[in-house]
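Anchor point for the sequence shown: position 177 equals 177 in full-length UniProt numbering, and the numbering is continuous, going up by one each time. Every residue, glycine too, gets a C-beta built ideally from N, C-alpha and C.
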Amino acid sequence: MVAHSSDDVRGSLYIVATPIGNLDDFSKRAEQTLRDVDYIAAEDTRHTRRLLNHFAIEAKLFSIHDHNEKDKADYVASLLEEGKSVALVSDAGTPLISDPGYHVVHALRDKGHKVVPIPGACALVSALCASGLPTDQFFFAGFVPAKSKARCDLFESWKKQSGTVVFYESTHRVYDSVVDVQKVYGDDAQLVLAREVTKTFETFLSGTATEILAMFDEDANQLRGEFVVMLSFTEESGDEVVLEAKRILTILLEDLPVKQAAAMAAKLTGQKKNYLYKMALEMQGA
């Protein structure tokens, strides 16, 4: 049951995780919380209504989404001041993880209201723990930009990032995103793409960017669904010396032949000319 402490008649906001695919992942605590609260704030009330109907939960619904959550924060605060309890849910998974809710939670905590997490499904965590990639450190980037230039700039900024990098991608952009990973990292990054996590066609694709693109080309069905994309960088791709050599070669190759660019880069970096010559050829796809 939802309960309030005796010294505080104000209600609480419950951040309730809902299933991302498999309805059996809906926890008993989450279900009971949605039964007990006075109101449910949903990203899409129509979507949430289907979930509530499945579990025969009756509730007063109102919407909180990207375009209104700043305005709704005061409304939720007023409900809590009246002693009402409110649950916040997104369309699927854990609210605020690339979903609306941050402004509401931030505002309510600033006002001293109690915010209670009700944990459950999260595509990020579910995909990462089954990926086979390092999990001791990871960086979550949410959804990456839609434009290739902005994506590549972001991917470039990850070259010194420790641990596994994770981001979400849609069916319409995942191919182009992997192409941009290849542009920035070549095949120096190990990728795992988790598709349709917890759903009927859940699939994990593993390999280099080149290998993943080949999988897409061979079977267009692998492009369907929502994706969690995970990158783990090899020693070479994370080595600052190698990265600096590649940066210098990229600049020199704009104006110089490969042999001269390698010779100049050797003087600037102190690395062997033959090694840099081979690197320059690989960078040019020779």
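Residue 190 - DSSP class collapsed to helix/strand/coil: Working through the sequence shown from its first residue, we reach residue 190 at position 190. The answer is strand: DSSP assigns residue 190 an E or B state.
Beta-carbon proximity of residue 233 to residue 187, cut-off 8 Å: Translated into positions along the sequence shown, residue 233 becomes position 233. Translated into positions along the sequence shown, residue 187 becomes position 187. No. Outside cutoff.
As assigned by DSSP and simplified to three states, the class of residue 13: The residue given as residue 13 occupies position 13 in the sequence shown. In the displayed model, residue 13 falls within a strand according to three-state DSSP.
Residue 201, DSSP secondary structure in three states: Position 201 of the sequence shown, counted from the start, is the residue given in the question as residue 201. Under the three-state reduction of DSSP output, residue 201 falls in the coil class, being neither helix nor strand.
Spatial distance of residue 35 from residue 197 (CA atoms): As a working note, residue 35 is residue 35 in the sequence shown. As a working note, residue 197 is residue 197 in the sequence shown. CA-to-CA, the gap between residue 35 and residue 197 works out to about 27 Å.
Helix, strand or coil at residue 268 [DSSP, three-state]: Working through the sequence shown from its first residue, we reach residue 268 at position 268. Of the three classes helix, strand and coil, the one that applies to residue 268 here is helix, per DSSP.
Residue 26 versus residue 225 - alpha carbon distance: Counting from one through the sequence shown, the residue named residue 26 turns up at place 26. Counting from one through the sequence shown, the residue named residue 225 turns up at place 225. Looking at the backbone, the Cα of residue 26 and that of residue 225 are separated by about 21 Å.
Residue from 130, 97, 13 whose Cα sits closest to the Cα of residue 74: Translated into positions along the sequence shown, residue 74 becomes position 74. Distances from the alpha-carbon of residue 74 to those of 130, 97, 13 put 13 closest.
Residue 154 beta carbon less than 8 Å from that of residue 166: Indexing the sequence shown from 1 puts residue 166 at position 166. Indexing the sequence shown from 1 puts residue 154 at position 154. Taking the C-beta atoms as reference points, residue 154 is found no nearer than 8 Å to residue 166.
Straight-line gap, residue 231 to residue 201 (C-alpha atoms, nearest Å): Indexing the sequence shown from 1 puts residue 231 at position 231. Indexing the sequence shown from 1 puts residue 201 at position 201. Roughly 22 Å separates the two Cα atoms.
Contact with chain E by residue 255, beta-carbon distance below 8 Å: Of the protein chains in the structure, only one exists, and it is not chain E.
Residue environment, residue 185, which counts as buried when at least 16 other CB atoms sit within 10 Å: Numbered from its first residue, the sequence shown carries residue 185 at position 185. It is buried - the Cβ of residue 185 has at least 16 other Cβ atoms within 10 Å.
Nonlocal neighbours in the same chain, by C-beta distance under 6 Å from residue 102, ignoring five residues either side: Start at 1 with the first residue of the sequence shown, and residue 102 comes out as number 102. So the qualifying residues of the chain are 96.
Assumed close pair residue 41, residue 86 - CB separation to whole angstroms, cut-off 8 Å: The residue given as residue 41 occupies position 41 in the sequence shown. The residue given as residue 86 occupies position 86 in the sequence shown. That pair is a contact at about 6 Å.
Through-space distance from residue 177 to residue 147, alpha-carbon basis: If you number the sequence shown from 1, residue 147 lands on position 147. If you number the sequence shown from 1, residue 177 lands on position 177. Distance between the alpha carbons of residue 147 and residue 177: 9 Å.
Contacts around residue 289, its chain only, beta-carbon distance under 8 Å, and the 5 residues preceding and following it disregarded: Since the first residue shown for the chain is 1 and the last is 286, residue 289 is missing from the structure and cannot be characterised.
Cβ contact (3+ pairs, closer than 8 Å) linking the segment 156 to 165 and the segment 214 to 225: Verdict: no, contact absent.
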